[in-house]
Ligand code: CTP
């Protein structure tokens, strides 16, 4: 161990104090590299290992990599003499548990304090990041998902898991995010973003309006633009809640809460709930304007030779409902148009009481499932063009403009 001669390659985490919790999982070996990568950026890293973590990697490895004594127990007098556990909790500016096993998620969700890591997580006020890693069936289990939802609702950042092949030979969502991704999350968590301390709700994807047990009316929205907007808002420091229509996209890193819905009515109530505490609402979802007046619980049968009529009734307008509230959040709507884009966008901006509208032209090869897009932003007394780019880069540019308009209008 050569603590005195260790030179960081970069100083973007210089003076940052990161407590790395390692729990029992095969991904613990990747956390060794994570320590190295964090220290390469100048971070001070102290490692806490659970008892099961030590079945996968020894304390000596983390001690050599971090240059610090490794903490393993509430009752370890040697480690306590170096830094007591309360002092250690206060020392940490960020706590990252990587890997965070299903057991760790359960214990943290329920506030256990019977080992060093869980106690530290309760004592510390530092933002908590959990890099989930487990067998894909475990991750999908309702008990684990309930714990994840509890933690996210409390503001804990549950990161991943990633999809792919697992050490157990199965394929699915369960792998720990790669060390460089976790390192980048910590780097960006220290960067003061344009939306720091703001609560942002993003809606994304289509809605499906059921006709019967197997048929529905939907639209071609892929959800990619809305998910990119949620990611960009989280990167800019916002606390992001994402209300997603039926899409199979992974939750972007940094999003603290995700609510999955199917119909416009469900999206309406989920967005109104989430917006009760929000500063900004970005409506990127393609909400169905109408739903069948009656939904059949059974599959409707074909009546050969007969014409069939479907009666539709109007769905609630989410943006307009929010605009009608006494203190609405800053409202950003989207408009996908096939023609006459500015004219239609400006009419919607006014009629729905939005603060800003993001318009794009859609057609056979544009918008929807395409990886890139081009946007035009309009607000009451101005406009701006964001030229063709991939959806994430566009979303990042959009967030800069939303933050600027928000600061101008609301602060
Ligand atoms: N929107 C909404 N609630 C609805 C329908 C739309 O909040 N019931 C929001 C969308 O999320 C989007 C904006 O309103 O941000 C514009 O959606 P769009 O479908 O283009 O507008 P409509 O008013 O439905 O107009 P039209 O379909 O006639 O173009």
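In my numbering, the protein residues as written are 44 to 454.
The beta-carbon is built from N, C-alpha and C at its ideal position, and this holds for glycine as well.
As the structure is a prediction and not an experimental result, all values here were calculated from the model.
- Per DSSP, the continuous beta strand (DSSP E) segment holding residue 427 begins and ends at 425-433.
- The DSSP-derived three-state label of residue 378 is strand.
- Counting only runs that start and end inside the stretch 295-379, the beta strand (DSSP E) elements of at least 3 residues fall at 298-303, 323-326, 333-335 and 355-357.
- The straight-line gap separating the alpha-carbon atoms of residue 50 and residue 106 is approximately 17 Å.
- If you check the CB distance, residue 174 and residue 203 come in under 7 Å.
- Going by C-alpha positions, residue 371 is about 46 Å away from residue 345.
- Look at residue 213 here: in three-state DSSP terms it is coil, with no helix or strand label.
- Ranked by Cα distance from residue 354, the first of 254, 75, 102 and 215 is 254.
- Counting other Cβ atoms within 10 Å of its Cβ, residue 121 stays below 16 and is therefore classed as exposed.
- Listed in chain order, the alpha helix (DSSP H) elements of length 4 or more contained wholly in the stretch 145-209 are 145-152, 159-166, 179-183 and 185-196.
- Residue state for residue 449 is assigned as helix, using DSSP reduced to three classes.
- Burial state of residue 263 is exposed, judged by a 10 Å Cβ sphere holding fewer than 16 other Cβ atoms.
- In the structure shown, the three-state DSSP call for residue 437 is helix.
- Residue burial annotation: residue 295 is buried, with at least 16 other C-beta atoms found within 10 angstroms of its C-beta.
- Of all C-beta pairs linking the stretch 375-384 to the stretch 326-333, three or more are shorter than 8 Å, placing the two stretches in contact.
- In this model, residue 290 and residue 351 are separated by some 29 Å (Cα to Cα).
- Residue 179 is positioned such that its CB atom lies no closer than 7 Å to that of residue 221.
- Taking residue 241 as reference, the option from 217, 230, 269 and 278 with the minimal CA-CA separation is 278.
- By the neighbour-count definition (other C-beta atoms within 10 Å, threshold 16), residue 298 is a buried residue.
- Across the structure, residue 109 and residue 280 are spaced so that their CA atoms are roughly 28 Å apart.
- Of 308, 118, 229 and 288, the smallest CA-CA separation from residue 158 is found for 118.
- The beta-carbon distance between residue 287 and residue 303, rounded to whole angstroms, is 5 Å. This is short enough to meet the 8 Å contact definition.
- Below 8 Å, too few C-beta pairs join the stretch 394-405 and the stretch 232-250 to call them touching: fewer than three.
- Looking only at 300, 438, 308 and 275, the smallest Cα-Cα distance to residue 403 is reached by 438.
- When rounded, the separation of the alpha-carbon atoms in residue 91 and residue 111 is 11 Å.
- Secondary structure at residue 442: helix, using DSSP grouped into helix, strand and coil.
- The distance from the Cβ of residue 170 to that of residue 232 is about 6 Å, consistent with a contact at the 8 Å cut-off.
- For residue 79, the uninterrupted alpha helix (DSSP H) segment begins and ends at 71-83.
- A contact between stretches requires three or more CB pairs, one per stretch, nearer than 8 Å, and the stretch 256-271 fails this requirement with the stretch 68-85.
- DSSP, read as helix, strand or coil, puts residue 415 in strand.
- Counting along the chain, residue 52 sits inside no alpha helix (DSSP H), nor does DSSP assign it H or E at all.
- Comparing C-alpha distances from residue 336 to each of 252, 103 and 83 shows the shortest one belongs to 252.
- Using a cutoff of 6 Å, the CB of residue 163 does not count as near the ligand CTP, since none of the ligand's heavy atoms is closer than that.
- Annotated three-state conformation of residue 238 is coil, per DSSP.
- By the C-beta density criterion, residue 211 is exposed, having fewer than 16 other C-beta atoms within 10 angstroms.
- Annotation: residue 70 to residue 219 spans about 6 Å, alpha carbon to alpha carbon.
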